[in-house]
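Protein chains in written order, with our numbering: chain C, 953 to 1412; chain V, 953 to 1412.
Number of protein chains: 2
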Amino acid sequence: MPTFSKQTYTDRRERLRQQLSDGLLLFFGNEESPMNYTDNCYPFRQDSNFLYFFGIDRPGLSAVIDLDNNHEIIFGDELTITDIVWTGPQATISEMASQVGINETRASKQLAELLINADKSDRSIHYLPPYRSNNLFKISGWFDISSRKVNELASKEFIKAIVTLRSHKSPEEIDEMVKAVNISRKMHLKAQEMCLSGVIESQVSGALHEIAIGEGGQFAYPPIITINGQTLHNHHYGNTLKKGQVLLVDAGAEAPSHYAGDITRSFPVDGSFTNQQREVYSTVLTAENNAIANCKPGITYKEIHESAMLDLAEGLKDMGVMKGDMSEAVEQGAHALFCPHGLGHMIGLDVHDMEDLGEDLVGYSNEVKRSEQFGKKSLRLGRSLEEGFVFTVEPGIYFIPELIDIWQSENKFKEFIDYGALSKFRGLGGIRIEDNVLITANGSQVIGEPIPKSLKVIEQ
Amino acid sequence: MPTFSKQTYTDRRERLRQQLSDGLLLFFGNEESPMNYTDNCYPFRQDSNFLYFFGIDRPGLSAVIDLDNNHEIIFGDELTITDIVWTGPQATISEMASQVGINETRASKQLAELLINADKSDRSIHYLPPYRSNNLFKISGWFDISSRKVNELASKEFIKAIVTLRSHKSPEEIDEMVKAVNISRKMHLKAQEMCLSGVIESQVSGALHEIAIGEGGQFAYPPIITINGQTLHNHHYGNTLKKGQVLLVDAGAEAPSHYAGDITRSFPVDGSFTNQQREVYSTVLTAENNAIANCKPGITYKEIHESAMLDLAEGLKDMGVMKGDMSEAVEQGAHALFCPHGLGHMIGLDVHDMEDLGEDLVGYSNEVKRSEQFGKKSLRLGRSLEEGFVFTVEPGIYFIPELIDIWQSENKFKEFIDYGALSKFRGLGGIRIEDNVLITANGSQVIGEPIPKSLKVIEQ
């Protein structure tokens, strides 16, 4: 069954149509995704745009909205009795389509025909940038576009119309996101409980899978569960936890409705931080709490990011690792040695919401452009915040030996960085704290039940 | 680190080269596989042929064996310092290549150049049938082959040479398969423990994920955990277990080395079968035990399949559901109403081993051809068994309402099926029992520690 009512889906499509003038809108639902041969597939994940406008969670479908003739059509092939022996009885495509307010369905093979004819008649065909190669090659073949040009020729008008809709979460969407965060909360409470010397990272991962999957959902993204938090995208789970280390857990559930949670906590193994770790943790927590408190409609997320980076830098100065004027240091990008990533990103049906549509079209605007400076250029969300936006706030401090060595050898920012003092922090790893924040009419709120993060509770 | 020694990989490639005369052998390693946008990927799964011959478990690699010049080359791109900030320090491609006995590595973009030049010089290029569309379109583009023809033009010679090697498992491969079965065993013991009324299928799935992932591996295939065992490929996990039902669990671990286990057990909810269920269970267990006992070098698996189907049919006759001469019934395919699938398939690095290379080239031979009869045509393995083969033995009995209704309305095989008596079994669902079997010099053995399946233990 679709997550929301028929009215929700017809309203969303109506609001989409109002933003676009003419032509055809093409939506690819996803196909199954093979692991090691055609019939052994990963768990099916429907395309998020398809889910948002059509709500049907089954592989092999696509849809067209014909703006000129006011048609909405779902394309797909009904199961045969042979299929049903293997898959069990299923709702027909027309039954599913009617649950989301669509009355016309056609066989899959008719999609190419419709689109190729429309293309020959010089009608506008709006498509989205494909992120799976089967769709890329379909577009390339149907419209005779070089595969290298397919993404670039995707419809900006169509993308912007979707971004406008999906950026503002409705109350019923927020309910789903709260569910995702609350499942993620259970995962983090479990991780904290398991954060003892002798435990292997993969055992923690297994226990978190039990929760995400046991609740009828999935992981929203491959979790990071590591004592090497300084490696930002670490998907290795082979280390055994030792006293004195910090376990960084960046793990979020995808609710059964496919809305994502994205939560990070950093736990001391065996329950207590070293003094150095405690200083770093407190700095990160202050930056996170301040950033959340500062979020409100009208402020740009770029400002929130810069202010959080300043908090981190001030903390690092107190530790003796940075020196000089921290406003100047952050302006020039010296802090990025310790936090080379952005403060956060939109979240919704995707953990990096709508990233398939293009980061800049989602996170930036005519008024706020992306920086090219190391660190700041990795900020995915920069634009002015509006009521209904949901995004992550996730400052962190990392000691990345490979990066430190390069900067030190170049004497980079030596007016702001005390490389001698820094050497004492070299093995500390990384500490990050992350929550999911909703912009309300007057301010912001962290969604879901609170997930412990105070020093006192984390050190239990 | 590769699973096996350098010698193992160089030997495998040497034995491969000996079977082929000239030209280039192309191996695609796998790329990351996107879920809902380019950078949010499923857990990486390396291609099994690449793993078998090159052992490197990292995305974005490919390899060529040049038979004419005796070159072995791995293609891939080294990480930049920017990558290392995100991924942490990693072995270089040349370091990894040298661990598996390859001395030459080149940048990825040089692969197309090498192959296109070789193609222009009319050299033979042997490639395998691609199962991921990015590789299909690469081949289509490089060699100017219509995408519809790519699979058909794959090299039969190359496929057959690989099948010859991979079909016979070495002792070190069997050790890895035993590990996979032993992890799967823990999963099934856990499932049995949880098989109580009130539990939701997804909770069982979560608990099994904890084990598969906690042991550092994965699932070898999407598990079936269902009270609707009559649906053969059931990936729905939303039902709550009730007394009187049977929970069918078809779940196998992939060991960290990527070798697969594939085990099925059928548990009574709350520990006791109904009389009908007990009769069906006993019949399936007898068929499974007999089939395993009959496996030995020289006998065809088609014979084993037919004999197991006869055991099932005889049991169904004892229950009053079938009637007449059961040899005749099985010969004509009447039993397939109750078991429409084959008795088993090869297993190894893939759960359906080498299925990407083509089912018939793996499971059949010049002497043993695939049947076209309903039921028998789904048998993936038919050929004569040889020492070192590992495969599944997995008989089952299912009551599939949709199929029963069609057959009954057509009066199909009414001389062998008592549709009146059958109606009393209609809601029973499905029961399957599956183990993984190795052909030894004189017979066969179930691999791994025994996983309980006797009626007495299953009903505890």
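Beta carbons: idealized from backbone N, C-alpha and C, even for Gly.
Legend entry - Positions along the segment 1287–1314 of chain C whose CB lies within less than 9 Å of some CB in chain V: Pro1292, His1293, Leu1301, Asp1302, Val1303, His1304, Met1306, Glu1307, Asp1308 and Leu1309
Legend entry - Residue environment, V:Thr1392, which counts as buried when at least 16 other CB atoms sit within 10 Å: Residue mapping note: residue 1392 of chain V aligns to position 440 of the second sequence, counting from 1. Counting Cβ neighbours within 10 Å, V:Thr1392 comes out exposed, since fewer than 16 surround it.
Inset, instruction - Using beta-carbon positions only, say whether C:Leu1333 and C:Phe1326 come within less than 8 Å of one another. - result: For this step, residue 1333 of chain C is matched to residue 381 along the first sequence. For this step, residue 1326 of chain C is matched to residue 374 along the first sequence. No, they are not a contact pair.
Legend entry - Distance between V:Ile1036 and C:Gly1361 (C-alpha atoms, nearest Å): Sequence index remark: in the first sequence, residue 1361 of chain C carries index 409 (1-based). Sequence index remark: in the second sequence, residue 1036 of chain V carries index 84 (1-based). Per the sequence presented here, residue 1361 of chain C reads as Ser, with Gly not at that position. Near 17 Å, if we compare the C-alpha coordinates of V:Ile1036 and C:Ser1361.
Legend entry - Below-8 Å beta-carbon distance, V:Thr990 vs any chain C residue: For the purposes of this step, residue 990 of chain V is identified with residue 38 of the second sequence, where counting begins at 1. Cβ-Cβ to chain C under 8 Å: yes for V:Thr990.
Inset, instruction - Could you pull out every residue in the same chain whose Cβ sits closer than 8 Å to the Cβ of V:Phe1351, ignoring the five residues on either side in sequence? - result: Locating residue 1351 of chain V in the second sequence gives position 399, counting from the first residue. Same-chain partners within the cutoff: Gln1182, Phe1290, Leu1374, Phe1377, Arg1378, Gly1379, Leu1380, Gly1381 and Gly1382.
Legend entry - Runs of alpha helix (DSSP H) wholly within the segment 1114–1192 of chain V (minimum 4 residues, chain order): 1123–1146 and 1153–1166
Legend entry - Three-state class that DSSP yields for C:Thr1216 in the structure shown: Position 264 of the first sequence, counted from the start, is the residue given in the question as residue 1216 of chain C. Note: C:Thr1216 maps to strand in three-state DSSP.
Inset, instruction - Go ahead and label V:Leu1088 buried or exposed: buried means 16 or more other beta carbons lie within 10 angstroms of its beta carbon, across all protein chains shown. - result: Counting from 1 along the second sequence, the entry for residue 1088 of chain V is found at position 136. Buried: at least 16 other Cβ atoms inside 10 Å.
Inset, instruction - Can you pull the chain C residues whose beta carbon is under 8 Å from the beta carbon of V:Gly1168, in chain order? - result: By one-based count along the second sequence, residue 1168 of chain V stands at place 216. In chain order: Ile1152, Ser1154, Tyr1189 and Gly1190.
Legend entry - For C:Met1146 and C:Val1221, the rounded distance between their alpha carbons: Position 269 of the first sequence, counted from the first residue, corresponds to residue 1221 of chain C. Position 194 of the first sequence, counted from the first residue, corresponds to residue 1146 of chain C. About 9 Å.
Inset, instruction - Return the chain-ordered list of same chain residues with a C-beta closer than 7 Å to the C-beta of C:Met1271, the five sequence neighbours on each side being excluded. - result: Position 319 of the first sequence holds residue 1271 of chain C. Here the set comprises Glu1231.
Legend entry - C-beta neighbour in chain V for C:Met1139, strict 8 Å: Here residue 1139 of chain C refers to the residue found at position 187 when the first sequence is read from its first residue. No, because no Cβ of chain V sits closer than 8 Å to the Cβ of C:Met1139.
Inset, instruction - Could you name the residues of the same chain whose beta carbon sits closer than 6 Å to that of C:Thr1192, not counting the 5 residues immediately before and after it, in chain order? - result: As a working mapping, residue 1192 of chain C is identified with position 240 in the first sequence. Same-chain partners within the cutoff: Ile1152.
Inset, instruction - Give a yes or no on whether 8 Å exceeds the smallest Cβ distance from V:Pro954 to chain C. - result: Here residue 954 of chain V refers to the residue found at position 2 of the second sequence. No, V:Pro954 does not count as interfacial toward chain C.
Inset, instruction - Establish whether the CB of C:Leu1199 and some CB of chain V are separated by less than 8 Å. - result: By one-based count along the first sequence, residue 1199 of chain C stands at place 247. Answer no: the Cβ-Cβ gap between C:Leu1199 and chain V never drops below 8 Å.
Inset, instruction - Please report the residue range of the alpha helix (DSSP H) in which V:Val1282 lies. - result: The residue given as residue 1282 of chain V occupies position 330 in the second sequence. Unbroken alpha helix (DSSP H) run through V:Val1282: Met1278 to Gln1284.
Legend entry - Segment contact flag, the segment 1057–1070 of chain C with the segment 957–977 of chain V, C-beta cutoff 8 Å, min 3 pairs: no
Legend entry - When C:Ile1385, C:Lys1090 and C:Glu1162 are compared against C:Thr1235, the one with the closest alpha-carbon: On the first sequence, position 283 is the one that residue 1235 of chain C refers to. When each option's Cα is compared against that of C:Thr1235, the closest is C:Ile1385.
Inset, instruction - Could you tell me if the beta carbon of C:Gly1296 falls within a distance shorter than 7 Å of some heavy atom in the ligand SAH? - result: In the structure shown, the ligand SAH is absent, as is every other ligand, since no ligand is present at all.
Legend entry - Neighbourhood of V:Ala942 by C-beta distance below 6 Å, restricted to the same chain and skipping five residues each side: For residue 942 of chain V there is no data in the structure shown, the boundaries of chain V being 953 and 1412.
Legend entry - Cβ-based neighbour list, V:Pro1292, same chain, cut-off 6 Å, excluding 5 preceding and 5 following: Within the second sequence, numbered from 1, the residue matching residue 1292 of chain V stands at position 340. Taken in chain order, the residues that qualify are Gly1327.
Legend entry - Under the three-state DSSP convention, the category C:Phe1341 falls into: By 1-based counting over the first sequence, the position of residue 1341 of chain C is 389. Three-state result, C:Phe1341: coil.
Legend entry - Length of the line joining the Cα atoms of V:Asp1214 and V:Val1133: Taking the second sequence and counting its residues from 1, the one referred to as residue 1214 of chain V is at position 262. Taking the second sequence and counting its residues from 1, the one referred to as residue 1133 of chain V is at position 181. If you take the alpha carbons of V:Asp1214 and V:Val1133, they lie about 7 Å apart.
Legend entry - Cutoff 8 Å; reference C:Ser1259; Cβ partners in own chain excluding five residues on either side: In the first sequence, residue 1259 of chain C corresponds to position 307, counting from 1. Result list for C:Ser1259: Asn1242, Ala1243 and Asn1246, in chain order.
Inset, instruction - Note down, in chain order, every chain C residue with its Cβ under 9 Å from the Cβ of V:Ile1356. - result: The residue labelled residue 1356 of chain V in the question sits at position 404 within the second sequence. Residues of chain C passing the Cβ test: none, with the nearest at roughly 11 Å.
Inset, instruction - Answer with yes or no whether the minimum CB distance from V:Thr1216 to chain C is below 8 Å. - result: In the second sequence, the residue the question calls residue 1216 of chain V occupies position 264. No, V:Thr1216 lies away from the interface with chain C (no Cβ there is under 8 Å from its Cβ).
Legend entry - Close beta carbons around V:Glu1367, own chain, < 6 Å, minus the five adjacent residues each side: If you number the second sequence from 1, residue 1367 of chain V lands on position 415. Within the same chain, V:Glu1367 has close Cβ partners Gly1276.
Legend entry - Boundaries of the beta strand (DSSP E) in which V:Leu1390 is found, first to last residue: As a working mapping, residue 1390 of chain V is identified with position 438 in the second sequence. Taken as a continuous stretch (DSSP letters only), the beta strand (DSSP E) holding V:Leu1390 covers Asp1387 to Ile1391.
Inset, instruction - Just grab the DSSP bridge partners of V:Cys993 for me. - result: As a first step, residue 993 of chain V is located in the second sequence; it is residue number 41 there, counting from the start. Answer is V:Pro986, bridged to V:Cys993.
Inset, instruction - Along the alpha helix (DSSP H) that carries C:Tyr1233, what are the first and last residues, could you check? - result: Here residue 1233 of chain C corresponds to residue number 281 of the first sequence, with the count starting at 1. C:Tyr1233 -> alpha helix (DSSP H) spans Asn1227 to Asn1246.
Legend entry - Closest Cα partner of C:Ile1479 within the set C:Thr1238, C:Glu1338 and C:Glu1125: No answer is possible for residue 1479 of chain C: the residues shown for chain C start at 953 and end at 1412.
Legend entry - N-terminal and C-terminal residue of the beta strand (DSSP E) that C:Asp1018 is part of: For the purposes of this step, residue 1018 of chain C is identified with residue 66 of the first sequence, where counting begins at 1. Here the beta strand (DSSP E) through C:Asp1018 covers Ser1014 to Asp1018.
Legend entry - Nonlocal neighbours in the same chain, by C-beta distance under 7 Å from V:Tyr1371, ignoring five residues either side: Within the second sequence, the letter at position 419 stands for residue 1371 of chain V. Closer than 7 Å at Cβ, skipping near neighbours: Gln1360.
Inset, instruction - Report yes if the CB atom of V:Gly1040 is closer than 8 Å to the CB atom of C:Asn1180, and no otherwise. - result: Walking along the second sequence from the start, residue 1040 of chain V turns up at place 88. Walking along the first sequence from the start, residue 1180 of chain C turns up at place 228. Yes; because the gap between Cβ atoms is below 8 Å, this pair is in contact.
Legend entry - Alpha carbon of V:Ser1157 to alpha carbon of C:Gly1166, nearest angstrom: In the second sequence, the residue the question calls residue 1157 of chain V occupies position 205. In the first sequence, the residue the question calls residue 1166 of chain C occupies position 214. Approximately 6 Å between the Cα atoms of the pair.
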